[in-house]
Structures are given as C-alpha cells and as structure tokens.
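K.L.:
Please see the structure below; I have some questions.
Numbering (this note's numbering), first residue to last: 15 to 313.
Right, dumping it as structure tokens:
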C-alpha cells in the first residue's frame with residue numbers, strides 16, 4: 015500500500031510526520047477551505063475546476079491564497095507523484111492561519127497551506143454492488159444566509175453528525191433536508207433521482223455543494239439523451255423514483271437502493287445508474303494531465 019504523503023512548509027513528508035500548529039484557526043474554529051480531488055488512472059480529474067472553486071471560496075471568506083493558482087496546482091501534482099498511486103484522493107487545505115485564542119480572523123498571521131494524498135474508501139465493494147440504504151437525517155442543512163454550502167469550508171460537523179446518525183440506525187448514509195424540508199444532499203455527496211427520462215438534482219440554493227462530479231454526471235446524462243433538471247426535491251421524489259444515486263469525489267457514482275426503509279425502484283442499481291457509473295469512470299480516466307503512467311507504458 016502506498017504511504018500517505020503530505021506537502022507542508024515547502025516539503026513532502028509521510029503524513030504521520032506532518033505537523034500543524036495547534037493555534038491554527040482552521041483547527042480551532044474550522045476557519046478555512048479545502049478541495050478533494052480525484053486521481054483516476056494516474057490522472058487528476060478536473061483540477062482546474064477544483065482550484066477555481068477553491069479560489070472563489072477563499073475570496074468569499076476573505077482569505078488570501080498563500081500561493082497563486084499555478085503554484086497550488088504544482089503542489090498538488092508534486093504530492094500526487096510522490097504518493098505514486100494511480101488511484102488516490104487529494105485533499106488540498108487552506109486555513110485562516112495561526113493566531114491567538116479567539117475567533118477574530120484579523121489576528122491571524124498568514125494563511126496556512128497543506129496537501130494530503132492518500133487512499134479513500136467511503137463504501138466497500140458490496141455496498142457498490144447492492145446500492146446504499148439511506149435514512150433521512152434529523153440534522154438540517156443551514157440556509158445559505160447562515161452558511162453557504164457552495165463554500166467548501168472545513169466545517170463538516172453537520173455531515174459528520176448525519177453520517178453518525180445513519181450508522182447508529184443501521185444505514186449506509188443519510189439525506190439531509192434544509193429548513194424548508196427540501197432535500198439538500200447526502201452527508202458528503204450530491205444526490206440524483208431518475209423518473210422516466212428525467213434526471214433531477216437539487217439546486218445549490220437548497221443547500222448542496224455545486225459538486226465537480228455532479229456537473230460531470232449532468233453532462234454525461236445529457237449526452238445519453240436524458241433531460242436533466244435542477245429543482246427542489248422532497249423525500250417523495252425518491253420514493254417515486256425509478257433509480258436514484260449519489261455522486262462525489264470519494265463516492266464516484268453509487269446507487270441508492272432504499273430511503274427510510276422504502277425500496278427505490280427495484281431495490282438495486284438500475285441500468286441508467288450503471289451506464290453513468292461506467293461513463294463517469296471513462297471520463298475520469300481520459301481527462302487531465304497524466305501524473306503516474308500505467309505499468310509498462312512507454313516513457
């Protein structure tokens with residue numbers, strides 16, 4: 015197994031040897047942002063879109079990026095190459111930085127930066143084969159005027175509590191609703207419901223992250239003739255769906271088999287979900303700059 019690698023303070027070390035200052039406001043207050051980027055078949059998937067979202071989030075939070083975008087890209091590529099796995103997960107983190115105790119962001123010296131590359135396994139092979147059992151979480155996504163989920167902040171407490179609730183209730187994951195009762199997303203993934211040839215997903219205004227993989231799947235769905243709509247969804251839309259699935263950097267594309275004990279469709283991964291899963295994998299394998307060549311490939 016490849017050892018998890020971390021870029022920090024200008025050098026790459028094994029993750030177990032990386033340290034951060036305990037007074038970093040990213041650690042103390044969740045004050046910071048991150049991106050999770052996929053390495054598939056040795057290629058970074060849509061890194062430019064990830065970095066654009068990181069830059070937008072930093073501007074929204076008033077954090078000056080510690081490196082220009084091209085510098086951040088170079089750090090990601092360097093760390094991924096050091097990890098040397100053709101399938102990996104990249105976590106690029108920017109924090110408010112080290113400061114005194116107290117939440118005041120203006121007291122921080124300068125933004126913090128580190129990059130982690132390792133493996134991620136949100137769901138096992140059996141879960142992928144059979145599809146996921148979800149519950150509706152009792153925890154709600156906050157409204158955008160409280161905490162805009164389009165900013166990929168370090169504050170994932172709501173997601174962690176929803177996942178904990180799901181596991182305690184014997185489910186694989188949870189759907190989170192917003193204050194109006196509309197479905198926002200799963201704990202760390204976007205959600206889709208298919209009925210007929212119409213594929214629906216919640217809009218960002220209902221509390222979901224504008225996922226990079228969400229956008230990719232929407233493109234792929236249109237390419238195979240589906241009508242894709244962004245609209246508010248309720249639990250009923252999933253109960254009545256022919257198929258439903260989750261998308262995300264860590265999740266990929268993975269079917270939902272049930273919600274709150276009620277079977278979705280036939281209770282298995284449907285043909286459209288299977289096709290989109292394959293197309294998404296093919297897209298990830300051909301897009302982006304190749305970092306790690308396949309064994310035996312010419313150099």
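Each residue gets a CB set at the ideal place from its N, CA and C atoms; glycine is no exception.
These numbers come from a predicted model, not from an experiment.
1. Pick helix, strand or coil for residue 232, following the three-state DSSP scheme.
2. So, using beta-carbon positions, are residue 218 and residue 164 closer together than 8 Å?
3. Closest to residue 58 by C-alpha separation, out of 299, 260 and 309, would be which residue?
4. When every heavy atom of the ligand PLP is checked, does at least one fall within less than 7 Å of the C-beta of residue 249?
5. Among residues of its own chain, excluding the 5 on either side of residue 277, which ones have a beta-carbon nearer than 8 Å to its beta-carbon?
6. Pick helix, strand or coil for residue 207, following the three-state DSSP scheme.
7. For residue 45 and residue 110, which I take to be in contact (beta-carbon distance under 8 Å), what is that distance rounded to the nearest angstrom?
8. Residue 248 and residue 197 look like a contact to me (Cβ under 8 Å); what is the Cβ gap, rounded to whole Å?
9. Looking at residue 205: is its Cβ nearer than 8 Å to the Cβ of residue 216?
10. Could you check what DSSP says for residue 106 in three-state terms: helix, strand or coil?
11. Go to residue 48, then tell me how far its beta strand (DSSP E) extends in each direction, as first and last residue.
12. Am I right that residue 108 and residue 77 are in contact with their C-beta atoms under 8 Å? What's the rounded C-beta distance?
P.N.:
So, from the data block:
1. Working through the chain shown from its first residue, we reach residue 232 at position 218. Residue 232: helix per DSSP, three-state reduction.
2. Within the chain shown, the letter at position 204 stands for residue 218. Within the chain shown, the letter at position 150 stands for residue 164. Yes, Cβ-Cβ distance for residue 218 and residue 164 is below 8 Å.
3. By 1-based counting over the chain shown, the position of residue 58 is 44. Ranked by Cα distance from residue 58, the options 299, 260 and 309 are led by 299.
4. Questions concerning the ligand PLP fall outside what the structure shown contains, since it holds no ligand whatsoever.
5. The residue given as residue 277 occupies position 263 in the chain shown. These residues qualify, in order along the chain: 271.
6. For the purposes of this step, residue 207 is taken as the residue at position 193 of the chain shown. Correct three-state label for residue 207: strand.
7. Numbered from 1 along the chain shown, position 31 holds the residue referred to as residue 45. Numbered from 1 along the chain shown, position 96 holds the residue referred to as residue 110. Yes, residue 45 and residue 110 are in contact; Cβ-Cβ is about 4 Å, under 8 Å.
8. Indexing the chain shown from 1 puts residue 248 at position 234. Indexing the chain shown from 1 puts residue 197 at position 183. That belief holds up - the Cβ atoms of residue 248 and residue 197 are roughly 6 Å apart, short of 8 Å.
9. One-based indexing of the chain shown puts residue 205 at position 191. One-based indexing of the chain shown puts residue 216 at position 202. Yes. Within cutoff.
10. Locating residue 106 in the chain shown gives position 92, counting from the first residue. Strand at residue 106.
11. Along the chain shown, one-based indexing puts residue 48 at 34. Start and end: 46–54.
12. Stepping through the chain shown from its first residue, residue 108 is reached at position 94. Stepping through the chain shown from its first residue, residue 77 is reached at position 63. The Cβ separation is near 6 Å, so the contact holds.
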